[in-house]
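Colleague: Numbering of the sequence shown is given in this note's numbering, commencing with residue 322 and proceeding in unit increments.
No residue lacks a Cβ here, since even glycine has one placed at the ideal position from N, Cα and C.
Note that the structure is a prediction, hence the values are computed from the model and not measured.
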Amino acid sequence: MRLHAPGADYRTGIDGSARPTFTLEEMRAMVAAAHVSGRKVAAHASSDAAIRMAVLAGVDIIEHGYGATEATFRLMLEHHTAYVPTLTAPEAIGEYFQKHVRGGAPTPAMAQSARAFALARKVGVTIGNGSDVGVFAHGSSARELAWLVQLGMTPTEALRAATVVAAEILGKCAELGALQAGLAADVIAVDGVPTMAMSALKKSPW
322 MRLHAPGADY RTGIDGSARP TFTLEEMRAM VAAAHVSGRK VAAHASSDAA IRMAVLAGVD
382 IIEHGYGATE ATFRLMLEHH TAYVPTLTAP EAIGEYFQKH VRGGAPTPAM AQSARAFALA
442 RKVGVTIGNG SDVGVFAHGS SARELAWLVQ LGMTPTEALR AATVVAAEIL GKCAELGALQ
502 AGLAADVIAV DGVPTMAMSA LKKSPW
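(1) Going by beta carbon distance, what residues of the same chain come within less than 7 Å of M431, once the five residues before and after it are set aside?
(2) Is L396 close to chain C? Criterion is C-beta to C-beta, closer than 8 Å.
(3) Quick check on the DSSP output: what are the complete alpha helix (DSSP H) runs of length 4 or more inside the region 469–518, in order along the chain?
(4) Taking the alpha helix (DSSP H) that A329 falls in, what are its first and last residues?
(5) So who's on the other strand from H365, going by DSSP bridges?
(6) Below 8 Å on the Cβ atoms is my contact criterion, and I expect A375 with A329 to pass it. Report the Cβ-Cβ distance as a whole number of Å.
(7) Under 8 Å between the Cβ atoms of A363 and I382?
(8) Looking at T409 and E384, is the spacing between their C-beta atoms short of 8 Å?
(9) Are the CB atoms of T484 and G498 nearer to each other than 8 Å?
(10) Using three-state DSSP, classify W527 as helix, strand or coil.
(11) List the residues that DSSP assigns as beta-bridge partners of I448.
(12) Can you tell me where the alpha helix (DSSP H) with T342 in it begins and where it stops?
Structure (structure tokens):
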């Protein structure tokens, strides 16, 4: 289950600012209903207030999390709430609407997402890879892995975030996330060594 459309928050404030879209009690009820059915809950949340509320409601995953404070990331660590930072989304939005040129100076939203990612790393929150693809073109999700590395992960950490860590976050380690007999897998061949450089992921000979 995903608390999206509009999510744990959206631009619903009277001035267009991001505000929580549900009460804590409402979110707790939704999360409880999902958990009873054996489902994980991921919440779209970008404002600190909504992120804290979602964590206290028991969600398993925070998507975006751009406005989270260090205290909120520590709350996530305490509650074992995973974080999917979707770093490419603000870059893509900057390209579409703010004349951002890829590789140029970051937009305020990009700087905010980088700050949040650094805080999550500092605190030790579990970070999984998820691109929010659709905000940018399908088929180019390697951009997210490149951002994870650019902002501090090693290539191996980024690849783990997209495979075994993501599987752990989803509670699917018995089904996917590793090259192991009996597990589902999509396997690609690339021209290069992705544990040395993420750019190799864009160089499949097939």
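Modeller: From the atom records:
(1) For the purposes of this step, residue 431 is identified with residue 110 of the sequence shown, where counting begins at 1. Answer for M431: P411, E412 and G415, listed in chain order.
(2) Among the protein chains of the structure shown there is no chain C, as only one such chain exists.
(3) Counting only runs of 4 or more, we get 476–483 and 485–491.
(4) For this step, residue 329 is matched to residue 8 along the sequence shown. Run containing A329: none; DSSP gives neither H nor E here.
(5) Residue 365 sits at position 44 when you count from the first residue of the sequence shown. The partner list for H365 (beta bridge, DSSP) reads E384.
(6) Within the sequence shown, the letter at position 54 stands for residue 375. Within the sequence shown, the letter at position 8 stands for residue 329. The Cβ separation is near 4 Å, so the contact holds.
(7) Looking up residue 363 in the sequence shown gives position 42. Looking up residue 382 in the sequence shown gives position 61. Closer than 8 Å, so yes.
(8) In the sequence shown, counting from the first residue as 1, residue 384 sits at position 63. In the sequence shown, counting from the first residue as 1, residue 409 sits at position 88. Not in contact: E384 and T409 (Cβ atoms no closer than 8 Å).
(9) Numbered from its first residue, the sequence shown carries residue 484 at position 163. Numbered from its first residue, the sequence shown carries residue 498 at position 177. In contact: T484 and G498 (Cβ atoms closer than 8 Å).
(10) Residue mapping note: residue 527 aligns to position 206 of the sequence shown, counting from 1. For W527, the pLDDT reaches just 41, beneath the cut-off of 50, and the residue's location in the model is therefore unreliable, although a value from the coordinates is still provided. DSSP, read as helix, strand or coil, puts W527 in coil.
(11) In the sequence shown, residue 448 corresponds to position 127, counting from 1. Y404.
(12) As a working note, residue 342 is residue 21 in the sequence shown. Premise fails: T342 is in no alpha helix (DSSP H) and is neither H nor E.
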